[in-house]
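Asker:
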Amino acid sequence: MIVMQAQDITKYYGADLILSNIKLEVQSRDRIALVGRNGAGKSTLLKIISGHLSYDSGAIMKPNEIEVGYLAQDAGLESENTIWDEMIEVFHDLQLMEEQIRALESKMGQEKVLSDENLYTKVLSEYDSLQQSFQLKGGYQYENDIRSTLHGFRFYEEDYNKPIASLSGGQKTRLALVKLLLTRPDLLILDEPTNHLDIQTLNWLETYLQSYPGALLIVSHDRYFLDKVATQVYEISRTRSKKFFGNYSKYLEQKADQYEQDVREYEKQQSEIAKLQDFVQRNIARASTTKRAQSKRKQLEKMEVMDRPDGGEKSAQFGFRIERKTGNDVLKLNKLAIGYEDSILVDDIDLHVQREESIALVGPNGIGKSTLIKTIMHPDRKIAGSLQFGSNVKIGYYDQEQADLNSNKTVLHELWDEFPTHPEKDIRTVLGNFLFSGDDVLKGVNELSGGQKARLALAKLMLQKANVLILDEPTNHLDLDSKEVLENALVDFPGTILFISHDRYFINRIATRVVELSTTGLENFLGDYDYYLEKKAEQAEFERLEREELNEKEENTVSDQKEQFHNDKQAKKEERKRLRRIEELEAQIEESEQKIEAIEHQLSQPDIFQDFEKSQELNEQLEKANHDLETLLEEWEGLQTV
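Numbering (full-length UniProt numbering), first residue to last: 1 to 642.
#1: Kindly identify the DSSP beta-bridge partner or partners of P163.
#2: Output the distance between the C-alpha atoms of G527 and K11, rounded to the nearest integer angstrom.
#3: If we define contact as Cβ-Cβ less than 8 Å, is I284 a contact residue for chain B?
#4: For the candidate residues R324, Q131 and D417, whose alpha-carbon lies nearest to that of N392?
#5: Tell me whether the beta-carbon of L331 lies closer than 8 Å to the beta-carbon of G385.
#6: Which word fits H92, buried or exposed, when buried means at least 16 other C-beta atoms lie within 10 angstroms of its C-beta?
#7: Where does A489 sit, in a helix, a strand or coil, going by DSSP?
#8: Leaving out five residues on either side along the sequence, give the residues of the same chain with a beta carbon under 6 Å from the beta carbon of I66.
#9: Could you please give the first and the last residue of the uninterrupted beta strand (DSSP E) stretch that includes L498?
#10: Decide if the segment 221 to 241 is in contact with the segment 467 to 485; the criterion is three or more beta carbon pairs, one per stretch, under 8 Å apart.
#11: For V362 versus I497, is the C-beta spacing smaller than 8 Å?
#12: Suppose you measure from the CA of R509 to the CA of F225; what does that come to, to the nearest Å?
#13: Mind reading off the beta-carbon distance from V35 to E235? Whole number of angstroms is fine, and I expect it under 8 Å.
#14: The alpha helix (DSSP H) with residue 689 in it runs from where to where?
#15: For F389, list the residues DSSP reports as bridge partners.
#16: Measure from the alpha carbon of W204 to the alpha carbon of each residue in L150, T183 and K250, then state which is nearest.
#17: Report all residues from its chain with a CB closer than 6 Å to the CB of A337; omit the five preceding and five following residues, and keep chain order.
#18: Would you report the Cα separation of S106 and Y142, rounded to the nearest angstrom?
#19: Please confirm whether G58 and A15 have their CB atoms less than 8 Å apart.
#20: Starting from the N-terminal side, write out each stretch of the beta strand (DSSP E) that is 3 residues or longer and does not extend beyond the segment 119 to 204.
#21: For E575, which of E473, V515 and L639 has the nearest alpha-carbon?
#22: Classify T173: buried if its beta carbon has 16 or more other beta carbons within 10 angstroms, exposed otherwise.
#23: Starting from H352, follow its DSSP beta bridges and name the residues at the other end.
#24: Any idea what DSSP makes of I49, helix, strand or coil?
#25: Thinking C-alpha only, which one of E265, D350, N334 and L522 is nearest P364?
#26: Between which two residues does the alpha helix (DSSP H) carrying G432 extend?
#27: My assumption, with CB atoms under 8 Å, is that F320 sits in contact with L469. Please give the rounded CB distance.
#28: Flag this pair as yes or no: are the beta carbons of L19 and G39 separated by less than 8 Å?
#29: Suppose contacts are defined by Cβ-Cβ distances below 8 Å. Is V263 in contact with L182 by that definition?
#30: Do you know offhand how far N446's Cα is from N433's?
#31: From which residue to which residue does the alpha helix (DSSP H) around I273 run?
#32: Return the chain-ordered ranges of every beta strand (DSSP E) run that is complete within the segment 18 to 73 and spans a minimum of 3 residues.
#33: Apart from the five residues on each side of it in sequence, which residues of its chain come closer than 7 Å, Cβ to Cβ, to Q100?
#34: Starting from I582, trace the alpha helix (DSSP H) in both directions and tell me its first and last residue.
#35: Using a Cβ-Cβ cut-off of 8 Å (strictly less than) and excluding sequence neighbours within five positions of I164, which residues of its own chain qualify?
#36: For the beta strand (DSSP E) containing F244, name the first residue and the last one.
Structure representation (structure tokens):
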């Protein structure tokens, strides 16, 4: 089923053409990635498709019943509600249905309804219909859906009553995404949804989106994310769109293959054109061959000449060089505690950084990664422990906020004022390598986009020629192409790198060691991101097996305790039975002894002694009584030894 079609969409900003004749089709369950350079028009197209922006020509077509959900880049949720109250509003219709169901249940119990069979049947039918609809719409699970989605974005039960107005900008952005996901529109449009998400949350979001029941249209600069989620790619380049099938990696392969094929076809046509032109020039003046030459010239005139294949838009070009090497030991942290005056975030941090290592610092948002980086840059901020740099260390620092960029200067002077000994020509060349050309260098820094500021900050970093790079989220605001250029520059960097990143592909390419920061300190993983994932999975499996073993031991202990309790109970029961039997035996023994004594007394009487028959009968009774007594005494003795 077609969810949405964009036909020949064209958009101008003033006289600048942003999009021209864009075609895009979305079917149910499609997972589409929209890629292209910063400024190519991706966000503009998303706004047009979602109805938030007008367009100059073309058409957007979608069925009336289709619901479209759109999350703009860095859009935060603004509300006076608590987190839970805001999320529960998404299911207001279900809450009303639930109230109607309770009302019908109450009505069915009324004597008036119970006494009227027709009315009872009517109410029951209405109740069944409403209950089925309630169930189909997720009425019995929407609170669980809210909890699981909030948990996926690291909002826990203790957070539910927090006012949204009191949250940070990043938390509000995550909540805006949570609320949109809970609405489950038929077409979910997300512009950079991976911003402000840590690695664990990204993994959760990928899994969620893979099983999302509707269609997805996503802009993201996270290659790992696009490879996991996307099954189609639309590229926006030079105002036009082109469709590719597969994830982002497949798109790159297809694009490279297509370019090579286009080059071959272009070169083949150029060779053919050259041959025809040569034939015409050599034969047009000869009477015997002029007709053939004229025919070839007509063939040339009718030929649709191919344009030279475009190898892609210009990329930034730069590399990081150093003036001199550091010693083998670059940085040592020992029992370091970081945080603020009123609270410690993490203590007992030990880290030894050696020359030419590339260390990725990972961990959940809010754990203190940026605080650790800032403490390394400003050792006086440490709360406890020691921090020591090695010999010849020169640090180049990249701040994710580009906070040190002066918005009152032009791009040219922002860079030149920091490196005044460089000729203007050299400064302009460097800026050109970072895609600032012509009048772009005269723009005010405050006019730049996030991506342009990031490139300017990297230009300053390159000119420092530092031998240790400390980078806080260097890929934020960079498009996929700029990320690749940065990756290549860092791979070739001859110094040492310590960096924070949530970009898993970037970590995989750059890191030689992954260090995970948690409330208990640092844990080292000597490898790239894939190795880190493998070891974390092994740890999780080991912990699971330990829990299972512990649970089994606990179950066995409980079982043993139950068995012991049963045995003790049975033993007490048997003891009570034994004591009762001893009492019974003692009474029977006394009775037997009295009986024997009575018989013996009778036998001692002269009249009985002289009566043979009577005497014989009593002797038999005595013999039996003695036998019975002996049996009772044996049982009594046996019970005494238990």
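Backbone N, C-alpha and C fix where the C-beta goes; we use that ideal spot for every residue, glycine too. From a predicted model like this one, the values you see are computed outputs, not experimental measurements.
Answerer: Let me spell this out:
#1: Here residue 163 corresponds to residue number 163 of the sequence shown, with the count starting at 1. Answer is T82.
#2: For this step, residue 527 is matched to residue 527 along the sequence shown. For this step, residue 11 is matched to residue 11 along the sequence shown. Their Cα atoms are separated by approximately 47 Å.
#3: The chain labelled as chain B is not found in the depicted structure, where only one protein chain is given.
#4: Within the sequence shown, residue 392 is the residue found at index 392, counting from 1. Ranking R324, Q131 and D417 by Cα distance to N392 puts R324 first.
#5: Start at 1 with the first residue of the sequence shown, and residue 331 comes out as number 331. Start at 1 with the first residue of the sequence shown, and residue 385 comes out as number 385. It is not a contact, given that the beta carbons lie outside the stated cut-off.
#6: Your numbering for residue 92 matches position 92 in the sequence shown. Exposed.
#7: Position 489 of the sequence shown, counting from 1, holds the residue named residue 489. Here A489 sits in helix by DSSP.
#8: Counting from one through the sequence shown, the residue named residue 66 turns up at place 66. Closer than 6 Å at the Cβ level, and outside the excluded window around I66, lie V3 and D186.
#9: As a working note, residue 498 is residue 498 in the sequence shown. Element bounds for L498: T496 to I500.
#10: yes
#11: For the purposes of this step, residue 362 is taken as the residue at position 362 of the sequence shown. For the purposes of this step, residue 497 is taken as the residue at position 497 of the sequence shown. No, these two residues do not count as a Cβ contact at 8 Å.
#12: Against the sequence shown, residue 509 aligns to sequence position 509. Against the sequence shown, residue 225 aligns to sequence position 225. Rounded to whole angstroms, R509 to F225 spans 15 Å at the Cα level.
#13: For the purposes of this step, residue 35 is taken as residue 35 along the sequence shown, with counting starting at 1. For the purposes of this step, residue 235 is taken as residue 235 along the sequence shown, with counting starting at 1. Contact flag correct, Cβ pair sits at about 5 Å.
#14: Nothing in the structure corresponds to residue 689, since the chain is present only between 1 and 642.
#15: As a working mapping, residue 389 is identified with position 389 in the sequence shown. Answer is L331, bridged to F389.
#16: Sequence index remark: in the sequence shown, residue 204 carries index 204 (1-based). Selected option, being the one with the closest Cα: L150.
#17: For the purposes of this step, residue 337 is identified with residue 337 of the sequence shown, where counting begins at 1. Counting only Cβ-Cβ distances below 6 Å, and skipping sequence neighbours, we find I344, D347, I383, A384 and G385.
#18: For the purposes of this step, residue 106 is identified with residue 106 of the sequence shown, where counting begins at 1. For the purposes of this step, residue 142 is identified with residue 142 of the sequence shown, where counting begins at 1. Taking the straight line joining both Cα atoms gives about 23 Å.
#19: For this step, residue 58 is matched to residue 58 along the sequence shown. For this step, residue 15 is matched to residue 15 along the sequence shown. No, Cβ-Cβ distance for G58 and A15 is not below 8 Å.
#20: 187 to 191
#21: Here the question's residue 575 lines up with position 575 in the sequence shown. If we check each option's Cα against that of E575, L639 comes out closest.
#22: Along the sequence shown, one-based indexing puts residue 173 at 173. Label assigned to T173: buried.
#23: Taking the sequence shown and counting its residues from 1, one reaches residue 352 at position 352. Answer is K332, bridged to H352.
#24: As a first step, residue 49 is located in the sequence shown; it is residue number 49 there, counting from the start. Helix at I49.
#25: On the sequence shown, residue 364 is found 364 positions in, with the first residue counted as 1. Nearest C-alpha to P364: L522.
#26: Translated into positions along the sequence shown, residue 432 becomes position 432. Per DSSP, G432 belongs to the alpha helix (DSSP H) from E424 to N433.
#27: What you label residue 320 is simply residue 320 of the sequence shown in a count that begins at 1. What you label residue 469 is simply residue 469 of the sequence shown in a count that begins at 1. Indeed they touch by this definition, with Cβ atoms about 7 Å apart.
#28: Here residue 19 refers to the residue found at position 19 when the sequence shown is read from its first residue. Here residue 39 refers to the residue found at position 39 when the sequence shown is read from its first residue. Going by C-beta atoms, L19 is not nearer than 8 Å to G39.
#29: The residue you call residue 263 lines up with position 263 of the sequence shown. The residue you call residue 182 lines up with position 182 of the sequence shown. No. Outside cutoff.
#30: In the sequence shown, counting from the first residue as 1, residue 446 sits at position 446. In the sequence shown, counting from the first residue as 1, residue 433 sits at position 433. Looking at the two C-alpha atoms, the distance is approximately 21 Å.
#31: As a first step, residue 273 must be located in the sequence shown, where it is residue number 273. Element bounds for I273: Y248 to N283.
#32: 31 to 35, 57 to 61 and 68 to 71
#33: The residue labelled residue 100 in the question sits at position 100 within the sequence shown. Correct list, in chain order: L130.
#34: As a first step, residue 582 is located in the sequence shown; it is residue number 582 there, counting from the start. Per DSSP, I582 belongs to the alpha helix (DSSP H) from Y529 to L603.
#35: By 1-based counting over the sequence shown, the position of residue 164 is 164. Same-chain partners within the cutoff: L77, E78, S79, E80, N81, T82, I83, E86, K172 and L175.
#36: In the sequence shown, residue 244 corresponds to position 244, counting from 1. F244 -> beta strand (DSSP E) spans R240 to F245.
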